[in-house]
Each structure stands twice: as C-alpha cells, then as structure tokens.
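These notes are about the structure you will find just below.
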Amino acid sequence: MSGVVFTSVSVWMAWKKLFSFLRALTVSSSSSWVAMDLEELRKMERTTRRILATLHDADEHWNIREESTKLRLRELKELAYDIEGIVKEYERETGRCDKMEALKRYTRYQYTGKRKRHEENEAHSVDSGVVQVPYEFISRIRKIEERFNEIKHFSTHFSLSEDDGERWFTPDISSLRQTSSFLVSAKRIFGRDKEKDIVVEKLLSSHDHDAESRGGSHVVSVLAIVGMEGLGKTTLAKLVYNDPRLHHSFDKHAWVYVSEHFDVNAISRDIVNSLTNGACQFTELADLQEKLVDEIKGKRILLVLDNVQNERGDFWDLLCLPMCAARICKIILTSRSEEAARLVQTMPPHRPCCLSFDDSWSLFKQVAFPGDQELQVAPANLIEIGKKIVKKLLGVYV
1 MSGVVFTSVS
11 VWMAWKKLFS
21 FLRALTVSSS
31 SSWVAMDLEE
41 LRKMERTTRR
51 ILATLHDADE
61 HWNIREESTK
71 LRLRELKELA
81 YDIEGIVKEY
91 ERETGRCDKM
101 EALKRYTRYQ
111 YTGKRKRHEE
121 NEAHSVDSGV
131 VQVPYEFISR
141 IRKIEERFNE
151 IKHFSTHFSL
161 SEDDGERWFT
171 PDISSLRQTS
181 SFLVSAKRIF
191 GRDKEKDIVV
201 EKLLSSHDHD
211 AESRGGSHVV
221 SVLAIVGMEG
231 LGKTTLAKLV
241 YNDPRLHHSF
251 DKHAWVYVSE
261 HFDVNAISRD
271 IVNSLTNGAC
281 QFTELADLQE
291 KLVDEIKGKR
301 ILLVLDNVQN
311 ERGDFWDLLC
321 LPMCAARICK
331 IILTSRSEEA
341 ARLVQTMPPH
351 RPCCLSFDDS
361 WSLFKQVAFP
371 GDQELQVAPA
381 NLIEIGKKIV
391 KKLLGVYV
C-alpha cells in the first residue's frame with residue numbers, strides 16, 4: 001500500500017481545482033448540463049472519499065491475511081488511480097480550452113479593435129471558460145461507479161462467515177517470537193560462540209567508557225546487530241542475552257519482539273511486561289512511561305529489541321525517553337535495515353558472518369538426520385544431496 005498516500009494527495013489536488021471551477025459555473029450559468037455534470041462528479045467524489053479512507057485504514061491499521069480482502073483492496077486502489085486519471089484529463093482539457101479561448105480573443109482584438117473586443121467580452125462574460133465535461137468522461141465516471149458497486153457486492157455476498165464452516169486458527173508469529181525468542185538451547189546453535197563473545201565484550205567494556213565520556217551521567221547505549229534476513233541475528237542475540245556474564249552485570253533484563261509497525265505504546269507495554277513478568281493494564285503512553293521509570297530507576301538494564309525496522313528518529317526518541325531514569329541501559333537491537341541501525345547506534349554495529357561449511361553441515365544434519373545413528377544408516381546419496389543443499393545456502397541459516 002505504499003502508493004496510497006501519494007494517490008490520495010494527487011487525487012484531492014485535482015478534485016480541488018475541478019470543483020472550484022464547476023461551483024463557479026453553477027453560479028454564473030444556468031445550463032442544465034452543468035448541474036448534471038456536477039452531480040455525476042459529486043457522486044464520484046463521494047466514491048473516491050470512501051475508497052481512499054478504506055485504503056488508508058488498511059495501510060495504517062491492518063495486517064491483512066485473507067486473499068479475498070487483498071484482492072478487494074487491489075481493486076479499490078486501481079479505481080483510485082483511474083479516478084485520478086479522469087480528473088487530471090479534465091484538468092488538461094480545461095487548460096487547452098482556456099488557451100484556445102485566449103487565442104480567439106487575441107485574434108478578435110487584432111481585427112476588430114479594443115472597443116468591439118470590450119463589447120464581446122461583456123456579451124460572453126457568462127460563458128467564458130465554460131468547458132463541458134465530454135460524454136466520454138461521464139461514461140467513464142459511470143463505469144467506475146459500477147465497478148465500485150460490483151466490489152461492494154462481492155464483499156457483501158462472497159465473504160466467508162462462521163455459517164460456512166469452522167475458521168482455522170493461525171497463530172500470530174509475532175506473539176510466538178515475543179514469548180519464546182529469548183529461550184535458546186546452546187546445543188542447537190553452531191558457529192556463533194566467537195561472535196557471542198565479541199558482542200558480550202563490547203557491551204561490558206562500554207560500561208566504563210560511556211560513563212567516562214559523558215561525565216558519569218545516565219547512559220543509554222545501543223549496539224545494533226545488522227544483516228540480511230536468515231543470517232542468524234536473533235539467534236546471536238539469544239546467546240548474548242542468556243550469557244551469565246551479562247546476567248551478573250545487570251539488575252533487570254527484558255526481551256521485546258518489535259512488529260513491522262513501530263508502535264511506541266505497544267513496545268513500551270511489552271518492555272514493562274517483560275521486566276515485571278506480568279501483564280500491564282495501562283494503555284496510555286504517559287502511564288506506561290511512568291510505570292517504566294518506576295521499574296528501571298537507578299538500575300542497570302539490559303534490553304533486547306528484536307526485528308526493529310523503524311527509520312524515524314522521533315519515534316525512537318519517544319521510546320527511549322524513560323530509559324534515562326536507569327543507572328545504565330544497554331540496548332541490543334537486531335535489524336535488517338542499515339538505516340534503522342545508523343539512526344540509533346551509539347557504538348559500531350555488529351554484522352554476523354555467514355556460517356562455515358562445517359557449521360552449516362552440522363546444523364543441517366541436526367535438522368535432517370536427528371541422532372548420529374540415523375545419519376550412519378542414511379543412504380549415501382541422501383548425504384550427498386544434503387551437502388549440495390548446504391553449499392547452496394552459502395552459510396545462511398534460512
């Protein structure tokens with residue numbers, strides 16, 4: 001839906017020009033075609049408002065999963081573009097006619113003189129600038145209205161309901177990651193021990209460095225783990241988060257999975273829930289931040305924000321505002337976005353390396369051939385196929 005905002009701005013700018021022109025005509029002209037065209041255009045304006053409002057809500061507030069809903073939104077977006085095209089074509093037609101009228105006036109002036117031109121201007125004062133909406137445009141407007149009604153009919157009569165059967169429950173992956181991401185079995189992780197030590201040392205060594213560089217004031221430090229999807233950023237963060245050295249160095253720990261939509265309220269509430277191992281009932285940001293300050297004031301805090309894609313500095317500043325109440329706050333952030341990492345990092349980012357072939361093969365064996373005994377009896381051709389697959393993965397986890 002990335003083009004929704006651009007489309008709405010373009011459409012409404014064109015609508016504004018068109019309606020200011022037609023409303024002027026209704027005052028200066030009694031022609032019946034003006035009233036008829038204006039009514040058709042008003043109907044399309046109302047349709048446009050409904051379409052753009054629906055697209056905006058879908059873009060801002062919904063994570064659409066149903067294919068039928070995705071289809072309906074695509075069709076509505078196509079209608080919005082078609083409406084924009086009609087309005088802009090009419091705008092161009094108006095400009096062309098204005099130029100032709102100006103040329104005619106100039107020609108009359110050249111041959112009839114100023115006095116006659118003045119008389120003609122008075123005689124044509126009512127009709128000057130009147131550009132009738134071509135029948136083709138009105139026809140296209142009606143077809144758009146028909147398509148809109150067709151989409152509404154489909155939505156009403158072809159949507160599945162509880163009467164059609166039992167709905168399959170699909171768990172929200174974000175909620176699963178939220179509750180389980182910090183849990184990890186070191187036995188199932190390969191090739192990340194050295195990198196874990198590097199990240200842990202960065203976090204521990206930055207304690208004294210940050211305090212000295214900022215005169216011992218309250219400090220919020222951010223270390224970003226950045227890389228492409230499937231490289232093992234979250235896995236590395238799990239190992240770091242569970243390292244005993246960090247648990248002994250911090251008073252409180254929190255792990256929060258951040259959804260694609262960077263909701264400061266929701267993230268703040270999840271941080272409070274993780275710190276308290278409870279369910280915070282507050283919904284207002286002011287209350288959430290006050291609660292967060294109470295929980296971390298004067299303490300050493302370790303916070304992991306997994307899957308951050310936000311590239312807006314004002315959102316980040318608002319989220320981190322309560323963190324200044326902590327004695328020390330270290331934030332580990334995982335992200336696919338270099339821009340998001342640059343926005344918040346206070347120390348050089350860590351970029352996980354791809355796994356070696358041996359580590360990749362060990363990981364693959366664990367999944368494909370659980371248990372050494374099964375690997376020993378596995379056909380040689382399957383092992384060969386497995387190694388070819390590992391080579392194609394190029395050291396990427398997924």
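Everything in the sequence shown is counted per UniProt numbering, starting at 1 for the first residue and increasing by one.
The C-beta atom is built at its ideal place from N, Cα and C for all residues, glycine as well.
On a predicted model such as this, the values are computed, not experimentally measured, just so you know.
Can you grab the Cα-Cα spacing for the pair residue 362 / residue 272, in whole Å?
-> 38 Å
Tell me the DSSP bridge mates of residue 224?
-> 333
Where do the ends of the alpha helix (DSSP H) carrying residue 342 lie?
-> 338–344
Beta-carbon separation of residue 198 and residue 333 under 8 Å?
-> no
Coarse secondary structure for residue 454, derived from DSSP in three states | Summary: the structure shown does not reach residue 454, with the chain confined to residues 1 through 398, and so no result is reported for it.
By the 10 Å Cβ neighbour count, where 16 or more other Cβ atoms means buried, how is residue 277 classified, buried or exposed?
-> exposed
DSSP state of residue 258 mapped onto helix, strand, coil = coil
Could you name the residues of the same chain whose beta carbon sits closer than 6 Å to that of residue 403, not counting the 5 residues immediately before and after it, in chain order?
-> Outside the shown range of the chain (1 to 398) lies residue 403, about which nothing can therefore be said.
Which residues bound the beta strand (DSSP E) around residue 300?
-> 300–306
Between residue 89 and the ligand GTP, is the CB less than 7 Å from at least one heavy atom?
-> The ligand GTP is absent from the structure shown, which contains no ligands of any kind.
Inter-residue spacing [alpha-carbon to alpha-carbon] between residue 241 and residue 59 = 34 Å
Decide if the region 293–311 is in contact with the region 250–257; the criterion is three or more beta carbon pairs, one per stretch, under 8 Å apart.
-> yes
Taking DSSP as the reference, what is the three-state secondary structure of residue 297?
-> coil
Considering residue 244, what are the terminal residues of the alpha helix (DSSP H) in which it resides?
-> 244–249
Name the DSSP bridge partner or partners of residue 389?
-> Residue 389 is not bridged to any residue.
Residue 299 and residue 251: beta carbons closer than 8 Å?
-> yes
Note down, in chain order, each residue of its chain lying with its Cβ closer than 6 Å to the Cβ of residue 243, except the 5 sequence neighbours on either side.
-> 200
Test item: CB-CB of residue 220 and residue 383 under 8 Å | no
Within 8 Å, strictly: CB atoms of residue 80 and residue 55 | yes
Considering only the beta carbon of each residue, do residue 246 and residue 223 sit closer than 8 Å?
-> no
Beta-carbon separation (whole angstroms), residue 145 vs residue 47, contact threshold 8 Å = 6 Å
From residue 152 to residue 75, what distance separates their C-alpha atoms?
-> 11 Å
Using the beta-carbon count (16 or more within 10 Å), is residue 281 buried or exposed?
-> exposed
Limits of the unbroken alpha helix (DSSP H) element including residue 314 | 313–320
Keeping to the same chain, check which residues put their C-beta closer than 7 Å to that of residue 285; ignore five residues upstream and five downstream.
-> 264, 265 and 268
Is it right to say residue 87 is buried, meaning 16 or more other beta carbons lie within 10 angstroms of its own, or is it exposed?
-> buried
Would you tell me roughly how many angstroms separate the C-alpha atoms of residue 82 and residue 156, rounded to the nearest one?
-> 23 Å
List the endpoints of the continuous alpha helix (DSSP H) containing residue 358.
-> 357–368
Is there contact here, the region 320–329 with the region 287–301, by at least three beta-carbon pairs under 8 Å?
-> yes
Candidates 344, 233, 388 and 279, of which the one nearest residue 357 by Cα = 388
Rounded to a whole number of angstroms, what is the C-alpha to C-alpha distance between residue 85 and residue 43?
-> 16 Å
Got a sec, what are the start and stop residues for the alpha helix (DSSP H) residue 236 sits in?
-> 233–241
Whether residue 236 touches residue 195 by CB criterion (8 Å) = yes
Can you say whether residue 72 is buried or exposed, counting buried as having 16 or more other CB atoms within 10 angstroms of its CB?
-> buried
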